[in-house]
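K.L.:
Just remember that the working numbering sits 129 ahead of the position in the sequence shown, which is counted from 1.
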Amino acid sequence: MLKNNWIVFDDKKSLSESLAKNVLKISEQSIKNKGYFSIVLAGGKSPIELYKVLKKSSSDWERWHIYIGDERFLPVKDVERNDYIIEKFWLNDSLVPRDNIFFIKAELGMLDAKKDYESTLKEVEKFDVVLLSMGEDGHTVSLFPNHSYTKNDDVVLVYNSPKIPKERISMSYSRLNKAKNVFKIIMGESKQEAINLWLQGNRLPINQINGDNEKVYICKDALTKNFLKV
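1) Straight-line CA distance for ILE315 to ILE136?
2) From the DSSP output, in three-state form, read off GLU216 for me.
3) Whose CA, out of ASP283, VAL284, MET239, TYR346, lies closest to the CA of LYS295?
4) Could you give the distance in angstroms between the alpha-carbon of THR353 and the alpha-carbon of LEU131?
5) What is the DSSP secondary structure of ALA235, counted as helix, strand or coil?
6) State the Cα-Cα distance for the pair THR279 and LEU272, rounded to the nearest angstrom.
7) When the Cα of TYR288 is compared with those of GLN337, ARG201, VAL259, which residue comes out closest?
8) Tell me whether VAL359 sits in a helix, a strand or coil according to DSSP, three-state version.
9) Just list the alpha helix (DSSP H) runs in the stretch 292-347, keeping only unbroken ones of 4 residues or longer that don't cross its boundaries, in chain order.
10) So, at 7 angstroms on beta carbons, what are the nonlocal neighbours of LYS243 in its own chain, with the 5 sequence-adjacent residues on each side left out?
11) Tell me, please, which residues DSSP counts as bridged to ILE230.
12) Go ahead and pull the three-state DSSP assignment for VAL205.
13) If we call anything under 9 angstroms between Cβ atoms a contact, is GLU265 one with LYS320?
14) When we look at the beta-carbon of LEU220 and count the other beta-carbons within 10 Å, is it buried (16 or more) or exposed?
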């Protein structure tokens, strides 16, 4: 049985359109209330369709403050970097001011990148929205199962990722949980095993970040038949 905050979609297009609508609604309210909207973007392939929808949407883009959940230590403009994917499918030629896009400067090297992003995050008390995607093993951002991370830090370094590249940098559990809304994007048959573990109550990185309000946007292909309504 799925909880009420799990929303099942037939395909990634309908999922992305629904999520975009919700994000835009929250952004409008946040801008009205405090003058700006803060969002943490997810890397990987799952959010790409969402970013395409947002690129075609209307908003008060000059009031958006954009952050990123994690990054890989790869050269600038490497196609495997999360910022490259986000720029390609959304932010290139967008109306979001470059000064309002706060990505991780992995090119600084591990220790300096951590210090730099921690300084950036001190300016944010609580994010309006955090977007998370999930890997086949239940990891999210660069927080992996059965790995320990520095407690109480806003940013953690990953030296031994089970996925290439080994060296990564990520917002921590505690920092990502400082969010008014956490929206999780799940799609693909390859995610079924991790979803089953999650729904059986197993502890996975993806279910350790919930913020004040959590919603799971999931395509039906990521669910086994026993969790789908007939």
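Every residue, glycine too, gets a C-beta built ideally from N, C-alpha and C.
Quick caveat, the model's predicted, so the values are computed rather than measured.
P.N.:
This is what the structure gives:
1) Cα to Cα, ILE315 sits roughly 10 angstroms from ILE136.
2) The three-state secondary structure of GLU216, taken from DSSP, is helix.
3) Per the Cα distances, MET239.
4) Between THR353 and LEU131, the C-alpha separation is close to 12 angstroms.
5) Look at ALA235 here: in three-state DSSP terms it is helix.
6) Their backbone Cα atoms lie some 11 angstroms apart in a straight line.
7) Of the residues GLN337, ARG201, VAL259, the one whose Cα lies closest to the Cα of TYR288 is ARG201.
8) Note that VAL359 has pLDDT 43, beneath the 50 cutoff, so the model's placement of it is unreliable and no number is given.
9) DSSP runs (the alpha helix (DSSP H)) wholly in the stretch 292-347: 302-305, 321-328.
10) These residues qualify, in order along the chain: VAL284, LEU286, ILE298.
11) The partner list for ILE230 (beta bridge, DSSP) reads ILE195.
12) The answer is coil: DSSP assigns VAL205 none of H, G, I, E or B.
13) The answer is yes: Cβ separation under 9 angstroms.
14) Its Cβ being crowded by 16 or more others within 10 Å, LEU220 is buried.
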